[in-house]
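Please read the structure below before turning to the comments.
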Amino acid sequence: MASLADVYHALSEMRAEGVLQNYAIGGGMAALFYAETTRTYDIDVFALIHQQRLLVDLSGIYDWARRRGYEIAAEHILIHSVPVQFLAAKAGLETEAIERARILDYDGAPVPVMAPEYLAVIYVLAGGGKRRDRTRSLFEAGAVDGSTLTAILQRHGLAALWKQKWGGDNE
Amino acid sequence: MNEAAKESPPRASIEKSKVEWHRQQAQLPIKEKIRILLELQRQDLELLRRHRALKDYERAWDIEP
Numbered sequence: 000m001a002s003l004a005d006v007y008h009a010l011s012e013m014r015a016e017g018v019l020q021n022y023a024i025g026g027g028m029a030a031l032f033y034a035e036t037t038r039t040y041d042i043d044v045f046a047l048i049h050q051q052r053l054l055v056d057l058s059g060i061y062d063w064a065r066r067r068g069y070e071i072a073a074e075h076i077l078i079h080s081v082p083v084q085f086l087a088a089k090a091g092l093e094t095e096a097i098e099r100a101r102i103l104d105y106d107g108a109p110v111p112v113m114a115p116e117y118l119a120v121i122y123v124l125a126g127g128g129k130r131r132d133r134t135r136s137l138f139e140a141g142a143v144d145g146s147t148l149t150a151i152l153q154r155h156g157l158a159a160l161w162k163q164k165w166g167g168d169n170e
Numbered sequence: 000m001n002e003a004a005k006e007s008p009p010r011a012s013i014e015k016s017k018v019e020w021h022r023q024q025a026q027l028p029i030k031e032k033i034r035i036l037l038e039l040q041r042q043d044l045e046l047l048r049r050h051r052a053l054k055d056y057e058r059a060w061d062i063e064p
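This is the structure:
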């Protein structure tokens, strides 16, 4: 039976083969690297994806999946049964989160994971109770560095929006 | 104060224990967290299915941690 490390190895191969320029794990799976376990059913891969004018071109990813024999289910590709969703990173915050991702180890597989401060901002701005809980978990785990978070918010002009949406202390 | 209140631990102590438990859970090795996640998926999906239609991607992962 395949393991989660096999999924991460497959993502590394996508990058090595040039299917993805660069990527980082975000969403609920990323939070698991820093905080306690919460339910998630897919892996969100934020990626720098080739763009033709205004359209994000995901065809290379789907072609790669077909060549590998991975099932495509709506917006997800099932890599060793694990639903993986590829999201084109927006310029600014998400792109920077990819560029500054931490390369963590999962059972011998290198995994680029968004840093907790970026995850917190992306969760809160996206909204929703589940993401708010994940943000709280990151803070409770002591994973979020306050000065790093403040610098990110200031750099992207998001301090007021963060205060409005999060409200709580950054600790 | 009734007898039950006298015997139960102070609320602050319970809160402190909960915070400590959550912190310990956060510090588990990532592979152990994934083992817990796979177990949660198996338990949770049946309950979810009783309440609403599952989304395409809501399925238990058929992998080892």
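Taken in order, these protein sequences are the chains called A and B. Take 0 as the starting number for the first sequence in numbering that gives the first Met the number 0 and just add one per residue. Take 0 as the starting number for the second sequence in numbering that gives the first Met the number 0 and just add one per residue. Think of the CB as a built atom: it goes at the ideal place given N, C-alpha and C, for glycine as much as any other residue.
Start and end of the alpha helix (DSSP H) containing His-50/B? 29-50
Please compile the residues from chain A whose C-beta is within a distance smaller than 9 Å of the C-beta of His-50/B. Within 9 Å Cβ-Cβ: nothing; His-50/B doesn't reach chain A, min ~14 Å.
Against Glu-139/A, what residues of chain B qualify as contacts under a CB-to-CB distance less than 8 Å, listed in chain order? Val-18, His-21, Arg-22 and Ala-25
Taking contact to mean at least 3 C-beta pairs separated by less than 8 Å, is the stretch 1-13 of chain A in contact with the stretch 102-122 of chain A? yes
Can you check whether the C-beta of Tyr-40/A is within less than 8 Å of a C-beta belonging to chain B? yes
At the 8 Å Cβ level, is Arg-58/B part of the contact set with chain A, yes or no? yes
Where are the beta strand (DSSP E) runs, 3 residues long or more, that stay fully inside the stretch 58-107 of chain A, in chain order? Qualifying beta strand (DSSP E) stretches, in chain order: 70-72, 75-78, 81-87 and 101-105.
For Leu-137/A, list the residues DSSP reports as bridge partners. Answer by DSSP bridge pairing: none, since Leu-137/A is not bridged.
Neighbour list for Thr-134/A in chain B, Cβ cutoff strictly below 9 Å: The contacting residues do not exist; Thr-134/A stays about 14 Å from chain B at best.
Buried versus exposed, by CB contacts within 10 Å (16 or more), Asp-43/A: buried
Starting from Phe-45/A, follow its DSSP beta bridges and name the residues at the other end. Ala-23/A and Leu-86/A
List the whole-angstrom C-beta distance separating Thr-36/A from Gln-24/B, where the pair is believed to meet the contact cut-off of C-beta under 8 Å. 7 Å
Tell me which residues share the same chain as Gly-59/A and place their Cβ nearer than 7 Å to its Cβ, disregarding the 5 neighbours each side in the sequence. Val-18 and His-49
Hey, out of Arg-67/A, Asp-5/A and Leu-152/A, whose CA is closest to Asp-104/A's CA? Asp-5/A
Decide yes or no for the touch test of the stretch 8-17 of chain B against the stretch 81-92 of chain A: beta carbon pairs closer than 8 Å, at least 3 of them. Contact between the stretch 8-17 of chain B and the stretch 81-92 of chain A is absent: fewer than three C-beta pairs spanning the two stretches fall below 8 Å.
Thinking just about the alpha-carbon of each residue, which of Asp-56/A, Met-0/A and Arg-130/A is nearest to the one in Ala-29/A? Arg-130/A
Check Ser-2/A in the structure and name its three-state DSSP category. strand
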